[in-house]
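Take a look at the structure set out below.
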Amino acid sequence: MLIQRTYARALTARPPLIPFKSFTQSLPFSSAPLTKPHKKHYPPLAALLEIGGVKIAKDDVVKEGDPTNNIPDTIFSKIGLQLHRRDRHPIGILKNAIYEYFDEKHEGKFVKFDDLCPIVSVKQNFDDVLVPADHVSRSYNDTYYVDAQTVLRCHTSAHQAELLRKGHTHFLVTGDVYRRDSIDSTHYPVFHQMEGFRVFSKDDCGRSDMDATSHAAADLKKSLEGLAQHLFGAVEMRWVDTYFPFTNPSFELEIFFQENWMEVLGCGVTEQEILKRNGRTDCVAWAFGLGLERLAMVLFDIPDIRLFWSTDERFTSQFSKGQLGAKFKPFSKFPPCYKDMSFWINESFTENNLCEVVRGIAGDLVEEVKLIDNFTNKKGMTSHCYRIAYRSMERSLTDDEINQLQWRVRETVENKLNVILR
Ligand code: DAH
C-alpha cells in the first residue's frame, strides 16, 4: 500500500531561549580550532538542467503542495551533478576502472551509458523489472515520486528494458539513483550505481554442454570474480544465494576485506519474462548491479558518504584520474555535537520522513539520526527519542549555529510530521 503524505508549510525559525540538552564528544580532537571553510565554489542551484538531451526545470520536479510529489529542494539540487562523470572524483575513477575491466575482457563489446535521465516512469523503475505491485520499494516512504506515474529512479535496473528493446546485448549503465532513507555515515538519499547486462544468443549457449541458465550463471560468476580481483586484488570471495524480482537464480558476491565479509554486488540470470517482453525470445542473459559509493568508501578509505559531495579542495585535490585506491587522508576531525529529541508519534510517522525534515534543515551538517529510546505507555501512546549527531566534514560548528538548527528541526518536525514533542 502506498503511503501518501501532505507536508505542511515550514514555519519561520526562531532561536531558542534555552539551549537544548546537548553534548559534544570529549575526545582529543574536540578542541579543534574554529576554522574558516576552505575555498569553495558552490554551483548556483540551476533552474533548468539538461541531462542526456532532456531539459528539466525545477518546477517539473519539485511541486510543493502536490500530495503525489515528495521531492524536496535538497534532492533537486543533486540532479545533474553527475559525480560519476568526473574523472578525478572517486566515483568517476571507480567507474572508469570497471569500464577498463570490461573493455579488456570483452574488447569493447559493452556499450556504456552514463547520461540517461534519472527521471523515469513507474513502469520503467518497477513494472518493467517485475517488481511486485505491493513491494515496499514502491512506497512514497522509500521512493521519490515526481507524480503518481513518475519517479527519480531508485536503481539503474530501470533502464534494462528500454536498452534491450533498442537491440543492445552488452551494456553498462552508470547513474545517480535516489532513495528515501535513514541517516548515517553510509546512507545518503542520492548515490550511484552501475548496471551490467549481457545477452547470450542460442548459438552462444549451444557451444556449451550446460543448459542455458547454468551457462549464463557460470559466465556471470566468472566475470564478476574477475571484476572483484581487478578492483581489490587477490581477495577471498564467496557467493550467497538471494532474491531479486528480476533474476532467477539470484546471487550476491561478498569479499573478505579488512577483516569482514562485505557485499559487493547483486546479480543473477535475467527472468525470461523480461527478455520475452522486450523482443528477445531465444536468449538468456545475466545482469548485475553495484553501488559505487559502497565500494569507493573502502577502496579510497573514505569514512563518511557525505564527503563524496564535498567541494572542499582539501577533499577534491586528493584524487587524480586513473588512480584507483589512493588513500584519503582526513584533513581534520571536528567534534560531533549531539541533540536528543523525544516525541509521541502518530500512525503515519516514519523514520525516513523524520530524516528528510532533518536533512532539509541541516543539509550535510547532519551525520546521523538514531533511535535511542522507544516505549509505549499504558494509554497506547508510543514515544520515540532520536539522537541527532551534527558534524561538519569541513569546519567546527558553533553552539549557536547548532542550537538554531535544532530549534528549526523541532519546530518543523512538530508541524510537518504532526508529532507531539515531549
Ligand atoms: N537493482 C538492484 C538494487 O538496486 C541491484 C541489482 C541486483 C541489479 C541484481 C541487477 C541484478 O541487475 O541482476 O539493489
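Numbering follows this note's numbering, in which position 66 of the sequence shown is assigned residue number 66; successive positions increment by one, without gaps.
Quick reminder that beta carbons are idealized off the backbone N, C-alpha and C, glycines included.
Bear in mind the structure is a predicted one, so any value in this text is a computation, not a measurement.
Pair within 7 angstroms by beta-carbon distance, residue i and residue j
i: His-89; j: Leu-81; result: no
i: Val-129; j: Phe-288; result: no
i: Tyr-188; j: Ile-305; result: yes
i: Cys-283; j: Ser-201; result: yes
i: Gly-266; j: Phe-244; result: yes
i: Thr-382; j: Ile-420; result: no
i: His-155; j: Val-136; result: no
i: Val-298; j: Val-357; result: no
i: Ala-285; j: Val-199; result: yes
i: Phe-334; j: Arg-391; result: yes
i: Arg-422; j: Phe-343; result: yes
i: Gly-279; j: Ser-250; result: no
i: Thr-74; j: Gly-360; result: yes
i: Asn-377; j: His-384; result: no
i: Asn-125; j: Val-151; result: yes
i: Ile-302; j: Phe-328; result: yes
i: Pro-228; j: Val-173; result: In the sequence as presented, Pro is not what sits at residue 228; that position holds Ala. No.
i: Phe-319; j: Ala-326; result: yes
i: Val-235; j: Glu-252; result: no
i: Val-61; j: Ile-71; result: yes
i: Ile-274; j: Cys-337; result: no
i: Ala-427; j: Lys-58; result: Because the chain in this structure spans residues 1 to 422, residue 427 falls outside the shown range and cannot be described.
i: His-230; j: Tyr-101; result: yes
i: Lys-321; j: Asp-87; result: yes
Best match in the options for proximity to residue i [C-alpha to C-alpha]
i: Asp-203; options: Gly-196, Glu-195, His-215 and Arg-86; result: His-215
i: Asp-181; options: Phe-191, Val-173 and Gly-52; result: Phe-191
i: Met-341; options: Lys-333, Phe-300, Ala-389 and Pro-303; result: Ala-389
i: Asp-114; options: Val-151, Val-146, Phe-171 and Arg-294; result: Phe-171
i: Val-54; options: Arg-153, Ile-91, Ile-71 and Leu-116; result: Leu-116
i: Lys-95; options: Ser-121, Asn-70 and Met-194; result: Met-194
i: Ile-272; options: Leu-164, Tyr-178, Val-264 and Phe-319; result: Looking at the sequence itself, residue 272 is Gln, so the reference to Ile does not match. Per the Cα distances, Leu-164.
i: Gln-440; options: Ser-310, Ile-119 and Asn-248; result: The chain is shown from 1 up to 422; residue 440 falls before or after that span and cannot be answered.
i: Ile-255; options: Phe-232, Glu-313 and Lys-370; result: Phe-232
i: Asp-103; options: Phe-319, Ser-223 and Leu-371; result: Ser-223
i: Val-111; options: Gly-196, Ala-217, Met-393 and Val-409; result: Gly-196
i: Lys-276; options: Glu-162, Ser-77 and Phe-315; result: Glu-162
i: Leu-354; options: Gly-363, Val-369 and Glu-347; result: Val-369
i: Phe-349; options: Leu-397, Asn-418, Glu-293 and Ser-320; result: Asn-418
i: Gln-323; options: Ile-93, Ala-158 and Phe-257; result: Ile-93
i: Ile-183; options: Ala-362, Thr-398, Lys-416 and Ser-396; result: Ala-362
i: Gly-380; options: Glu-347, Ile-372 and Glu-367; result: Glu-347
i: Leu-290; options: Val-61, Ile-274, Lys-78 and Ile-91; result: Ile-91
i: Asp-399; options: Val-131, Lys-339 and Glu-411; result: Lys-339
i: Phe-310; options: Leu-292, Glu-394 and Thr-242; result: It is worth fixing the name first, because residue 310 is Ser in this sequence and not Phe. For the residues Leu-292, Glu-394 and Thr-242, the minimum Cα distance to Ser-310 belongs to Glu-394.
i: Arg-294; options: Ile-274, Ser-317 and Met-262; result: Met-262
i: Ser-396; options: Thr-169, Leu-365, Val-409 and His-159; result: Leu-365
i: Ser-77; options: His-168, Lys-123 and Ile-56; result: Ile-56
Closer than 6 angstroms: residue i CB and nearest ligand 1 heavy atom
i: Ser-137; result: no
i: Thr-174; result: no
i: Thr-247; result: yes
i: His-155; result: yes
i: Cys-283; result: no
i: Ala-287; result: yes
i: Gly-380; result: no
i: Phe-110; result: no
i: Phe-244; result: yes
i: Cys-267; result: yes
Residue i - partner residues in DSSP beta bridges
i: Lys-55; result: Glu-50
i: Asp-241; result: Phe-251
i: Arg-470; result: What the structure shows of the chain is the stretch from 1 to 422, and residue 470 is not part of that stretch, so it cannot be assessed.
i: Phe-191; result: Val-177
i: Glu-236; result: Phe-256
i: Ile-420; result: Trp-344
- prompt: For the segment 374 to 418, which segments carrying the beta strand (DSSP E) assignment without a break, of at least 3 residues, lie completely within its bounds, in sequence order?
  reply: 382 to 390
field: Ordered list of beta strand (DSSP E) runs contained in the segment 98 to 185, each at least 3 residues
entry: For the segment 98 to 185, whole beta strand (DSSP E) runs of length 3 or above, ordered along the chain, are 111 to 113, 119 to 121, 145 to 147, 150 to 152 and 170 to 178.
message: Threshold first: 3 residues or longer. Then list the beta strand (DSSP E) segments lying entirely within the segment 316 to 380, N to C.
response: 337 to 344 and 366 to 376
query: Which residue spans inside the segment 249 to 292 form an unbroken alpha helix (DSSP H) run of at least 4?
result: Complete alpha helix (DSSP H) runs here, min 4: 272 to 277.
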